[in-house]
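One structure is given here, and the rest of the page talks about it.
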Ligand code: FES
Ligand SMILES: [Fe+2]
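Residue numbers (my numbering): 3 to 349.
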């Protein structure tokens, strides 16, 4: 098991609509977990049958229980085998259970001590299901360490380069940026002042309409980012034009790989399937063809080495990512020592 992960925390397991009538298996921080909708709601179990260790996710939901594909033992919410097609359920046929919560279209799984699982510690992503918005979700498997993905989301100056075809702004040389902290939450804000709208905004704003474009990120433990993009009149932040919120939820799979769940939620073009399709296209290209290959190439170059041990050059714009890494490392170190979670770090 890797030392690189926090265990006493909630990780995104799936989007709600990924789990319907069939079980879904996914590896999270090295644990194989299966999730299904049982008799009384969502259930998350270790994805390994205690009989012959076949993944339970190969099975099916039968009578509200998870039936193993191999010899038909069925498991319930407590992780216990409650049905054996050929007799009594064996006493020892029990699998580990994981606390699971479904909220705002997201399924979260707690990987640590169940006694510490507090759903109130899940960061607020309620915009995902707020009325009057259009939300488009997606998923990418990334063969790169989850902290590289956090770095990517904590330093959005890369949009000018990696996503130049639809997000580059002529205002980039005048970029204003700041970083602040609220408890353990790290905020970054980038403003591209008084520029023409980037390509992705031109369907909604006239290409000659000068704007301030601001992207603000909120990083929360363990590895999730809310990104708010706002278009306002130049020099007048109160004169809001349009905006969108997006969720960038990163779950470590194992050493060197992660699950990236993304969602884009806008307050313009609501109910417009063409606008939805456009977002889907940005997501496919932006994450699938732009961020993902860069992160994966970066990971290949790093191999098994931790980037921070290579004394990387740190730019002023890296400050958010560095803070997030520091908070996470401190939490992991406390957990390894068996200490309770520390108070939030001061700014
Ligand atoms: S392996 Fe699951 S019932 Fe035999
Ligand atoms: Fe990106």
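For every residue, glycine included, the Cβ atom is placed at its ideal position computed from N, Cα and C.
- Message: Comparing C-alpha positions only, which one of 176, 271, 136, 171 sits nearest to residue 210?
- Response: Walking along the chain shown from the start, residue 210 turns up at place 208. Residue 210 has its Cα closest to that of 171, out of 176, 271, 136, 171.
- Message: Using C-beta distances below 6 Å, list every residue in its chain close to residue 294, excluding the 5 sequence neighbours before and after it, in chain order.
- Response: For this step, residue 294 is matched to residue 292 along the chain shown. Cβ neighbours of residue 294 beyond the five flanking positions: 142, 144.
- Among 270, 239, 252, which has the Cα closest to the Cα of residue 246? Taking the first residue of the chain shown as 1, we reach residue 246 at position 244. The shortest C-alpha separation from residue 246 is found at 270.
- Message: Please report the distance separating the alpha-carbon of residue 126 from that of residue 281.
- Response: As a working note, residue 126 is residue 124 in the chain shown. As a working note, residue 281 is residue 279 in the chain shown. Going by the C-alpha atoms only, they are around 23 Å apart.
- Task: Report the three-state DSSP secondary structure of residue 341 (helix, strand or coil).
- Result: For the purposes of this step, residue 341 is identified with residue 339 of the chain shown, where counting begins at 1. Residue 341 falls in the coil class under three-state DSSP.
- Can you tell me which of 242, 266, 292, 299 puts its alpha carbon nearest to the alpha carbon of residue 258? Within the chain shown, residue 258 is the residue found at index 256, counting from 1. Of the candidates 242, 266, 292, 299, the one whose C-alpha sits nearest the C-alpha of residue 258 is 299.
- Message: According to DSSP, simplified to helix, strand and coil, what is residue 11?
- Response: Within the chain shown, the letter at position 9 stands for residue 11. In the structure shown, residue 11 sits in coil (DSSP, three-state: anything other than H, G, I, E or B).
- residue 38 versus residue 228: straight-line alpha-carbon distance, rounded: For the purposes of this step, residue 38 is taken as residue 36 along the chain shown, with counting starting at 1. For the purposes of this step, residue 228 is taken as residue 226 along the chain shown, with counting starting at 1. Distance between the alpha carbons of residue 38 and residue 228: 27 Å.
- The alpha helix (DSSP H) spanning residue 275 covers which residue range? Here the question's residue 275 lines up with position 273 in the chain shown. Where residue 275 is concerned, the enclosing alpha helix (DSSP H) stretches over 275–285.
- Tell me whether residue 182 is buried or exposed, calling it buried when 16 or more other Cβ atoms sit within 10 Å of its Cβ. For this step, residue 182 is matched to residue 180 along the chain shown. It is exposed - the Cβ of residue 182 has fewer than 16 other Cβ atoms within 10 Å.
- residue 172 by DSSP, collapsed to three states: which one? In the chain shown, the residue the question calls residue 172 occupies position 170. Residue 172 falls in the coil class under three-state DSSP.
- Task: Could you check how far apart the C-beta atoms of residue 136 and residue 277 are, in whole angstroms? I think they sit under 8 Å.
- Result: For this step, residue 136 is matched to residue 134 along the chain shown. For this step, residue 277 is matched to residue 275 along the chain shown. Going by Cβ atoms, the distance from residue 136 to residue 277 rounds to 7 Å, so yes, they are a contact pair.
- Please state if the CB of residue 191 and the CB of residue 235 are separated by a distance shorter than 8 Å. Residue mapping note: residue 235 aligns to position 233 of the chain shown, counting from 1. Residue mapping note: residue 191 aligns to position 189 of the chain shown, counting from 1. The answer is no: Cβ separation not under 8 Å.
- Confirm the yes/no value for this check: CB of residue 293, any heavy atom of ligand 4, distance under 7 Å. Ligand 4 is absent from the structure shown, which contains only ligand 1 and ligand 2.
- Task: Please classify residue 204: is it buried, with 16 or more other beta-carbons within 10 angstroms of its beta-carbon, or exposed?
- Result: Your numbering for residue 204 matches position 202 in the chain shown. Result: exposed.
- Give me the Cα-Cα distance between residue 321 and residue 54, rounded to the nearest whole angstrom. Your numbering for residue 321 matches position 319 in the chain shown. Your numbering for residue 54 matches position 52 in the chain shown. Distance between the alpha carbons of residue 321 and residue 54 is about 49 Å.
- Message: Looking at the secondary structure, which residues open and close the beta strand (DSSP E) in which residue 198 lies?
- Response: The residue given as residue 198 occupies position 196 in the chain shown. Segment: none, residue 198 is in no beta strand (DSSP E) and carries neither H nor E.
- Task: Would you be able to state if there are at least three C-beta pairs under 8 Å between the stretch 40–50 and the stretch 101–112?
- Result: yes
- Task: Could you tell me which residues DSSP pairs with residue 263 in its beta bridges?
- Result: Position 261 of the chain shown, counting from 1, holds the residue named residue 263. In DSSP, residue 263 forms a bridge with 141, 251.
- Task: Output the distance between the C-alpha atoms of residue 286 and residue 52, rounded to the nearest integer angstrom.
- Result: Stepping through the chain shown from its first residue, residue 286 is reached at position 284. Stepping through the chain shown from its first residue, residue 52 is reached at position 50. Using only the alpha carbons, I get a separation of about 39 Å.
- Message: Which residue wins for smallest C-alpha separation from residue 195, given the options 186, 174, 80?
- Response: Counted from its first residue, the chain shown places residue 195 at position 193. Selected option, being the one with the closest Cα: 174.
- Reduced DSSP category for residue 146 - H, G, I as helix; E, B as strand; rest coil: Here residue 146 refers to the residue found at position 144 when the chain shown is read from its first residue. Residue 146 falls in the coil class under three-state DSSP.
- Are residue 251 and residue 8 touching if we call contact CB-CB under 8 Å? One-based indexing of the chain shown puts residue 251 at position 249. One-based indexing of the chain shown puts residue 8 at position 6. It is not a contact, given that the beta carbons lie outside the stated cut-off.
- Can you grab the Cα-Cα spacing for the pair residue 238 / residue 255, in whole Å? Locating residue 238 in the chain shown gives position 236, where the first residue counts as 1. Locating residue 255 in the chain shown gives position 253, where the first residue counts as 1. If I take the Cα positions, the gap works out to 43 Å.
- Check your reading: residues with Cβ closer than 7 Å to ligand 1 heavy atoms: 51, 53, 54, 55, 56, 70, 72, 73, 74, 75
- Check whether the Cβ of residue 290 sits closer than 7 Å to any heavy atom of ligand 2, and report yes or no. Position 288 of the chain shown, counted from the start, is the residue given in the question as residue 290. Checking the Cβ of residue 290 against ligand 2 gives no.
- Do residue 165 and residue 292 have their C-beta atoms closer together than 8 Å? Position 163 of the chain shown, counting from 1, holds the residue named residue 165. Position 290 of the chain shown, counting from 1, holds the residue named residue 292. Yes. Within cutoff.
- Taking the Cβ atom as the reference point for each residue, do residue 12 and residue 124 lie within a distance shorter than 8 Å? The residue you call residue 12 lines up with position 10 of the chain shown. The residue you call residue 124 lines up with position 122 of the chain shown. In contact: residue 12 and residue 124 (Cβ atoms closer than 8 Å).
- Query: Got a sec? Which residues, its chain only, sit under 7 Å from residue 105 by beta carbon, not counting five neighbours each side?
  - Reply: Your numbering for residue 105 matches position 103 in the chain shown. Result list for residue 105: 124, in chain order.
- Quick one: is the Cβ of residue 164 within less than 7 Å of any heavy atom of ligand 2? Counting from 1 along the chain shown, the entry for residue 164 is found at position 162. Answer for residue 164: yes, Cβ within range of ligand 2.
- Query: Cβ of residue 287 versus every heavy atom of ligand 2: is any distance shorter than 7 Å?
  - Reply: Along the chain shown, one-based indexing puts residue 287 at 285. No, the beta carbon of residue 287 sits no closer than 7 Å to any heavy atom of ligand 2.
- Item | Length of the line joining the Cα atoms of residue 266 and residue 318 | For the purposes of this step, residue 266 is taken as residue 264 along the chain shown, with counting starting at 1. For the purposes of this step, residue 318 is taken as residue 316 along the chain shown, with counting starting at 1. Their backbone Cα atoms lie some 28 Å apart in a straight line.
- Message: Assuming contact is defined by CB atoms lying nearer than 8 Å, are residue 34 and residue 50 in contact in what I supplied?
- Response: Against the chain shown, residue 34 aligns to sequence position 32. Against the chain shown, residue 50 aligns to sequence position 48. For residue 34 and residue 50, yes; Cβs fall inside 8 Å.
- Message: For residue 103, tell me which candidate among 122, 93, 86, 231 has the shortest Cα-Cα distance.
- Response: Counting from 1 along the chain shown, the entry for residue 103 is found at position 101. Of the listed residues, the one whose Cα sits closest to residue 103 is 122.
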